[in-house]
Each structure stands twice: as C-alpha cells, then as structure tokens.
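Those protein sequences? They're chains A and B, same order as listed.
Using the UniProt record's numbering, the first residue of the first sequence is number 1, and each one after it goes up by one.
Using the UniProt record's numbering, the first residue of the second sequence is number 1, and each one after it goes up by one.
Working notes, beginning with the structure itself.
Protein chains: 2
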Amino acid sequence: MKEFELINRYFKGRGITRRDVDLGIGDDCALVSVPENCQLAVTTDTLVSGVHFFADIPPRALGHRVLAVNLSDLAAMGAEPTWVSLALTLPDVDLPWLEAFTDGLHEIAEYYNVQIIGGDTTQGPLTITVCAKGIIPKGKALTRGGAKVGDWIFVTGPLGDAALAIEARKRGIALTPENKKALEQRFFYPTPRVAAGQVLRGMATAAIDISDGLVADIGHVLRQSRVNAVIHADKVPVSQALKDTLPEAERWPYVLAYGDDYELLFTVPDAQKSALQAKLKQYGVDAACIGQILPGEGKLEVLLRGQKLALPAKGYEHFTA
Amino acid sequence: MKEFELINRYFKGRGITRRDVDLGIGDDCALVSVPENCQLAVTTDTLVSGVHFFADIPPRALGHRVLAVNLSDLAAMGAEPTWVSLALTLPDVDLPWLEAFTDGLHEIAEYYNVQIIGGDTTQGPLTITVCAKGIIPKGKALTRGGAKVGDWIFVTGPLGDAALAIEARKRGIALTPENKKALEQRFFYPTPRVAAGQVLRGMATAAIDISDGLVADIGHVLRQSRVNAVIHADKVPVSQALKDTLPEAERWPYVLAYGDDYELLFTVPDAQKSALQAKLKQYGVDAACIGQILPGEGKLEVLLRGQKLALPAKGYEHFTA
C-alpha cells in the first residue's frame, strides 16, 4: 500500500467533521476558521519508539496516547481542542497495526470533538508528532505564571500509576493481574483533563499538566510565578493498585518525580477553593488539595506528615543520560 | 546539555517576535491571534534522515530546508506564513550541529517574518517535523480543485535541479564544480514561493507546489479539478547547470518526475495570463507557460515538440519500494 492509498484508507473521510474546518485533508494546507474573540492555542508533542513507549505497545493505545498527551497540553491552558495535524513516520506498512492505531486515534478524536485536518506520512523509524490546536476566549488562558502567595495547590487525580506500569515491566515488579490491568490502562489510555481545564478558566490562577513529574512540573509554575510552595506528599492521591504494590517508603519516586500522569496541577485562591472543587466534582473530577503557595523565588518543599522529604531525582528530561 | 537548557539556548528569545503572538515558547501551549476575516492555513511536513536527506547534509541547510518545504505548502495556498511549531528528534546533543541547524532555521524564519512559537525536543533517530501556520483572507485560498478548461499552466521556475544534485551524489554523475554548487544550492536551500503565492490570489484558479514531481503533482490538480491537461516538456524551464550536465533525452525523469523543486505550478485563465505574468515579474519570478487545461477527467499528456513523450515513473511516494 502506497502513501496516498494509506491516507485515503485510514484518514480521509474518517473521524468527525467540524463546521469550522473549511478544507480538510487533501490539499497543500488545511483551512480552518477561528471564532472571533478567541485566541488560538497550539501545542506539539512527539512520541518516539523505544523512548516514550515500548515498540510492542498495543497500536490502539499508541493512537490514543499520542493524541491524549497533546490534548492534555490544551487542557492545561483551559483551551477547547478543535483540530490536529498528524506526522506519522512508520518503518513499513503493517495493515493490522495501522487499523488498530487509527481506531485508537479516531476514537479519542471523536470523543473530544477534534478533527484531524492533515498531516504527513513518511517512512522511517517509528515516530509520531501531533500538533494540536484549540480555541480559548481572548485573555482567559491559564498560564504557568499566575500563582499567588496563599493559593492552594491541587491535582486532578492520582499520580504514579503510569510510572509503576513502566517500571514494573522494566524491572520485573510483581503485580496482581487486576493491578497490572489498572496500571497499564493508565499508561496506555491516559485521560486528558479537557473538561476540567475549561472549568478552571476564571477560577484557577495557574495550571500545568503533569507530564514530566510533579516536582519538575510544579517547578515551572513556581519559577514562572516567582513564588515558593509546600507540598504534603501524603495528600497526593494515589491509586489502590499503587498502594497494593508499593510500601509507602518506596512510592515517592513514582508519585512525585516520574511523570506520564497527565493530570492537571493548578492553583486556586482561598476564596474560590470550595466552589471550584464542587464544580469539578460535577464533571466527575475529584481534585485533591496537596499544598500551598508561599512567598519566595521558585523553591519547593515536600513534607511527609510534617517532616521534610528528600526530593526524588528530577522529572524526565531528554539528553540527560 | 539537557532538554530545557537546549530550548533556552537555541530557541527561547531567538528569532523574530510577532505582535500577534500572545504567548510564545515556555508554557503548555502557545497563544496566537488570527486576524478577523482571515482563515488559518495549516500544513505539516516531516524530514527523516536517510529518507529525505543524507545524514551528512550541512545542518544549516537542513534548518533552512525543513522550514522551506512547509512554507512552500503555505505559498501554494496563497497564505501569508505566520507561526511554526518545531518537533526535533535528535540522536544526541551535538552543539556545533545544533548551532548551525538553528542558524539556518532562524535565518529563513526571519526572512519570511515567521515566529517559532513552540515545539518538542526529544531523543531518537534524527527526524524533524514542522507544523506551519499562515493566514489568508477568507475565501481567497488557492486550492487544487479550481482549474478550468482553457486555463494556461505555469511553473514559477526551473525544475530538476534538486533531483540532479541527489542523483549525482548517489550515482556518481560528473559535475563541474560550479554546476555542483548551483545544483546543491537548489537542493539545500530551496526557495518557497511565498510572495508569488500571495500574488496568485484572485488571479490563478488552482495552485500546488511541486514536491513529489511535476507529473505527480499536476495529477492532483487534474483529478481534483476534473479536467485533463497537455504539457509541453520542451517549455518546462531548466537551469543551465542541468542543461550542461544532461543531454535532452536524459533530462525528463529529473524535470518531470523527481520532485523536491518547491516551485509552484498554477493555472490561470487566458484573460489574466499576461497581467499575472507581469505582476510576478515585479516580484522577480519569471513564470513559464508549459501547457493548457483540456476537457476530461484527470488525464495528462506530455508532448515533446508535438510528439507524445512516454511519462517517466511517478513521483516520490513513501512505502512504494
């Protein structure tokens, strides 16, 4: 199967059709219309085989995941996802693999009402880049730079599951079948917090998605907001599967430093705290208060039942090995 | 050097700053404002080492080229390029390589007044994906589907030079030093026809950029416009370097089928023909009339001094080998 047949079979005419797409797949560019009084939010994330995922990852999960990690960045700005471009570099044409990959991709795109408006299909080592676009009412975006002294720090869900799924495989950590399934589900099919991100608009002061690890990602917020923070490790939500598998003393690298969680971390003034928590609950999001913003210039202190906890190694960065 | 240092050193604060960029590199998303009464044009192209370029390509040329091929797609729609996202997958951090690569990239970005608004830097086999965005007055985009019977077919410049540069290296074709330099310049530093594309708005009926070869690319126009065409091979402009190197009988695969030219092919009604040629000349573009649109359903005939020329093999497609 050649490039153009592949595009016709797996992309053209599949997935949803948005009214604001004036020209989709099949010309030199796609053409879309951004509504008046909205800004365009743009983000790009690449997944490389052997770096971001094991080469034998179920292709349906990979299709889900590559879109999810990009939608998560849009969520962290409070944007409504609209359009994506897909650059797919494949070692060869494996039809069942492509079928499953595009199933996963179209499934999550439809769920979030996102249209794939174009892309590029090339031959080479398995690498996938998505450029996701979203819209946001002018001036309403949540940045990393707005946290204020006294704000409470929240996360939208449990951390460390994806980390444990990966390390269990790498280092042979024993998991019960139910826990293995639950943890892998969190790694394979992360949930971008798209609705939560939009709920945060006008209420939260800063937001970021946790992709590189809680400590590293909150670090961006603290430096860009020019504040300090304290986090209570024992307040950070963890799943039953993680609790079952790791004694408390062994959890912290997974929970605090590993990343791949794609939960949102956000800050909210005391006056909005209860209202925001209640509103998120309406969307099924049980946000947990894990700490507070303090005066300072970018430092983080992590406490465990009031005692200082040594910070685990920093979040994932490429080219550090 | 780690990922974040790399971004700070080579990207953040470098290059031009556009007023319509509300938030650039350094948050979960970039934020930009699309002017009212404009559509957003979006395109994505990937370059893979060993597939789209030799691994030893001068990095400055690669930086230029990866942006040029994307701007060429915007040009083919008549769009004004504005913002790009860059996904850079590198095997390792090679500082002199990165310095030269980003020099080439920022140079062409500045020339075309394009801002790099974000991206992703990952470790893996050398692969570069750019997602380029542009703006275009509503309804003024040039598509592949507008060619009408009787329209003249033009190209904006000589074809086959990049092809000859590549094949000369692969197959050891002898070149004079001047010709080698001229041909490699065309492969390494292609000129996206950005100004020409905007001149074509409201005058041309269809346009495409020649990336996969003249025959393959005009084929898209013919099928999407539901017309036939005749092209006179001897009217297709070729450079002196190509003429010097190849006897006429050996030129056609390079000129008609190889691609990598990044000239625009466009169609124009007879009534606009002279005015458009004159206007393009003001922008330094010497467009050549190479054929005409005929009634039909997508067929192309190529003539050489009135005699039918056998079509060379089709344009480049991935996964055909």
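Note that beta-carbon positions come from the ideal geometry of N, C-alpha and C, so glycine has one too.
- DSSP places residue 240 of chain A inside the alpha helix (DSSP H), whose first and last residues are 240 to 245.
- Taken atom to atom, the span from the alpha-carbon of residue 284 of chain B to that of residue 103 of chain A is near 48 Å.
- Rounded to the nearest angstrom, the gap between the Cα atoms of residue 36 of chain A and residue 136 of chain A is 10 Å.
- Rounded to the nearest angstrom, the gap between the Cα atoms of residue 118 of chain B and residue 296 of chain B is 45 Å.
- Separation of the CB atoms of residue 149 of chain B and residue 227 of chain B is rounded to 6 Å, and the pair is thereby assigned contact status at 8 Å.
- Only 142, 143, 144 and 145 from the region 142 to 153 of chain B bring a Cβ to less than 9 Å from some Cβ of chain A.
- With contact defined as three or more Cβ pairs closer than 8 Å, the region 259 to 274 of chain A and the region 6 to 15 of chain B are not in contact.
- For residue 48 of chain B, the neighbours in chain A by C-beta distance under 9 Å run, in chain order, 89, 122, 123, 124, 125 and 127.
- Chain A places no beta carbon closer than 8 Å to that of residue 114 of chain B, leaving this residue out of the contacts.
- Within 7 Å of the CB of residue 43 of chain B, the CB atoms of chain A belong to 28, 29 and 118, in sequence order along the chain.
- In chain order, 28 make up the part of chain B whose C-beta sits under 7 Å from the C-beta of residue 208 of chain A.
- Apart from sequence neighbours up to five positions away, the residues of its chain that approach residue 68 of chain B with a beta-carbon distance below 8 Å are 108, 189, 190, 191, 192 and 262, ordered along the chain.
- Put simply, of A:140, A:257, A:230 and A:251 the residue whose alpha carbon is nearest the alpha carbon of residue 240 of chain A is A:251.
- With at least 16 other beta carbons inside 10 angstroms of its own, residue 133 of chain A counts as buried.
- The residue from B:88, B:217, B:277 and B:255 with its alpha-carbon nearest to that of residue 76 of chain B is B:217.
- Minimum Cα-Cα distance from residue 129 of chain B among the listed residues B:86, B:199 and B:175 corresponds to B:86.
- At the C-beta level, residue 124 of chain A and residue 127 of chain B come within 8 Å of one another.
- The C-alpha of residue 183 of chain A lies about 28 Å from the C-alpha of residue 89 of chain A.
- When the Cα atoms are used, residue 2 of chain A and residue 47 of chain B turn out to be separated by approximately 18 Å.
- For residue 157 of chain A against residue 101 of chain A, the beta-carbon gap comes to about 26 Å, at or over 8 Å, which does not count as contact.
- Of the other Cβ atoms in all chains shown, fewer than 16 fall within 10 Å of the Cβ of residue 95 of chain B; this residue is therefore exposed.
- Secondary structure at residue 211 of chain B: coil, using DSSP grouped into helix, strand and coil.
- Put simply, the backbone Cα of residue 224 of chain A is about 11 Å away from that of residue 207 of chain A.
- Within the UniProt domain "PurM-like N-terminal" (26 to 136) of chain B, the complete alpha helix (DSSP H) segments at least 4 residues long are 59 to 77 and 95 to 111, listed from N- to C-terminus.
- Annotated as distal: residue 120 of chain A and residue 209 of chain A, with beta-carbon spacing of 8 Å or more.
- Annotated as distal: residue 194 of chain B and residue 131 of chain B, with beta-carbon spacing of 8 Å or more.
- Each residue's CA atom was taken as its position, placing residue 4 of chain B and residue 22 of chain B some 21 Å apart.
- Apart from the 5 residues on each side of it in sequence, residue 199 of chain B sits with its Cβ closer than 7 Å to the Cβ of 279, 280 and 283 in its chain, given in chain order.
- In the DSSP assignment, residue 199 of chain A falls within the alpha helix (DSSP H) that extends over 194 to 200.
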